[in-house]
Amino acid sequence: MDERPYGWEEIEESASYISAQTPSRPTVAIITGSGLGAVADDVEAPESMPYGVIPHFPSTSVQGHVGELVIGRLAGKEVAFMRGRVHFYEGYSLQRITFPIRVMHRLGIDTVIVTNAAGGLREDQKAGDLMLITDHINLVGMAGFNPLRGPNDPRLGPRFVEMSVAYDVGLRDLALSVAEELGVELRQGTYAMSAGPTFETPADVRFLRLIGADAVGMSTVPEVIVVRHEGMRALGLSHISNVIPVGGVPSKDQPMSQESLHQEVLDAGREVVPKLSLLIKGILSRMQEV
Ligand code: HPA
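Numbering (the numbering used here), first residue to last: 3 to 292.
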């Protein structure tokens, strides 16, 4: 795996390439998680770039993650959609998977909406729910992996990053208000990141519930750390694609391969897209309020 640092010059090169492809100057980036890429289908006058053509962008290998940047207009805002993301479990370093976030900042973006698919850990959740992320538990960081590990370039952000309010309060309030207005049920909760690609054992599930996690997934946390490092605002939305039974996944009554659970995550994603699209468009159209 390529572990060389991707720093200031690479970010510059990548951002210059993107800016040269489109006259649009987006201020909001939206990252779509597993099965959620179709949220970008409504973008007007889209300019699409596969990750593979953008200098230094890492390419995703996961089914359900398209791997393209779509820039255009949505709900009156210039936006950059990252359709699909790369994950730590694919073998990339956290610095590498968060490189596109730094490029977004260089493009002039100040707000990043991060979406993901997550396993629900609460009995009152159901598959298809949307959860506003109020906070996260950085299990991967606590185990020694952080995208900010290593020398800090002060041009990118500070050495130590404050994370007491990682998910912007104004944007959260706006999301709740838009959801209410649209009649979309939006629950709130704490997201825990596990490195994956294994799903949880029953003991993992007991542990995650005990430490206060409401949902678990394999992404988002490193991205939000870099969003904060760069001084941008983060809004996080989880699609609860499956509710994890107390006995863990697979349960002994429902033996399931990892592939079929991933397929379940993708199928559930397709169903939630209209609701998530509506919510994101509503948030974009009122973003000037916050
Ligand atoms: N566990 C971890 N990550 C996930 C899950 C899950 O059950 N569902 C979607 N992403």
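Cβ coordinates follow ideal geometry from the N, Cα and C atoms, glycine included.
Task: Sheet register partners of residue 30 (DSSP bridge) - done: Paired residues: 81 and 113.
Open item on the list: Within 8 Å, do at least three Cβ pairs link the stretch 106-114 to the stretch 52-62?
Closed with: Taking a contact to require three or more Cβ pairs closer than 8 Å, the stretch 52-62 and the stretch 106-114 do not qualify as touching.
Open item on the list: Runs of 4 residues minimum, wholly inside the stretch 135-216: which ones carry the alpha helix (DSSP H) assignment?
Closed with: List check, alpha helix (DSSP H) in window: 141-144, 171-184 and 204-212.
Open item on the list: 8 Å is my cut-off, CB to CB: does residue 207 come that close to chain D?
Closed with: In the displayed structure, chain D is absent; only one protein chain is listed.
Open item on the list: Does residue 254 come out as helix, strand or coil in the three-state DSSP assignment?
Closed with: Note that residue 254 has pLDDT 49, beneath the 50 cutoff, so the model's placement of it is unreliable and the number below is only indicative. Look at residue 254 here: in three-state DSSP terms it is coil, with no helix or strand label.
Task: CA nearest to the CA of residue 130, picked from 19, 239, 286 and 15 - done: With distances taken between Cα atoms, residue 130 lies closest to 239.
Task: Element boundaries [beta strand (DSSP E), containing residue 245] - done: Residue range 235-245 is occupied by the beta strand (DSSP E) that includes residue 245.
Task: Which of helix, strand or coil DSSP assigns to residue 218 - done: DSSP places residue 218 in strand when its eight states are reduced to three.
Task: Segment limits, alpha helix (DSSP H) that includes residue 103 - done: Its alpha helix (DSSP H) spans residues 101-108.
Open item on the list: What I want to know is whether the C-beta of residue 244 ends up closer than 7 Å to one or more non-hydrogen atoms of the ligand HPA.
Closed with: Look at residue 244: its beta carbon is less than 7 Å from one of the heavy atoms in the ligand HPA.
Open item on the list: Can you find the residues in the same chain that come closer than 8 Å, C-beta to C-beta, to residue 14, ignoring five residues on each side of it along the sequence?
Closed with: Contacts found: 108.
Open item on the list: So, at 6 Å on beta carbons, what are the nonlocal neighbours of residue 186 in its own chain, with the 5 sequence-adjacent residues on each side left out?
Closed with: Within the same chain, residue 186 has close Cβ partners 277 and 281.
Task: Residue(s) in a DSSP beta bridge with residue 63 - done: In the DSSP output, where bridge partners are listed per residue, residue 63 has none listed.
TODO: Taking the CB atoms as reference points, tell me whether residue 30 and residue 172 lie closer together than 8 Å.
DONE: For residue 30 and residue 172, no; Cβs fall outside 8 Å.
TODO: Verify whether the separation of the beta carbon atoms of residue 168 and residue 230 is less than 8 Å.
DONE: A contact, by the Cβ cut-off of 8 Å.
Open item on the list: Could you compute how far the alpha carbon of residue 290 sits from the alpha carbon of residue 267?
Closed with: Cα to Cα, the separation comes out at about 33 Å.
Task: residue 220 Cβ short of 7 Å to the ligand HPA heavy atom set - done: Remark: the C-beta of residue 220 is in contact range of the ligand HPA, defined as less than 7 Å to any heavy atom.
Task: 6 Å CB neighbourhood of residue 83 in its chain, flanking five on each side removed - done: Cβ within range, chain order: 32, 42 and 72.
TODO: Look at the Cβ atom of residue 90, then the Cβ atom of residue 197, and state whether they are nearer than 8 Å.
DONE: Here residue 90 is near residue 197, since their CB atoms are less than 8 Å apart.
Open item on the list: I'd like the span of the alpha helix (DSSP H) that includes residue 42, first residue to last.
Closed with: Taken as a continuous stretch (DSSP letters only), residue 42 belongs to no alpha helix (DSSP H), as it is neither H nor E.
Open item on the list: I believe residue 52 touches residue 16 by the beta-carbon criterion, under 8 Å. Please report the beta-carbon distance rounded to the nearest angstrom.
Closed with: With a Cβ gap of about 14 Å, residue 52 and residue 16 do not count as contacting.
Open item on the list: Here's a check: name, in chain order, each residue in its chain whose Cβ is nearer than 7 Å to the Cβ of residue 112, leaving out the five neighbours to either side.
Closed with: Only residues of its own chain outside the window of five on either side were considered, and among them 29, 234 and 235 have a CB closer than 7 Å to the CB of residue 112, listed in chain order.
Open item on the list: Tell me the rounded alpha-carbon separation between residue 103 and residue 204.
Closed with: Distance between the alpha carbons of residue 103 and residue 204: 34 Å.
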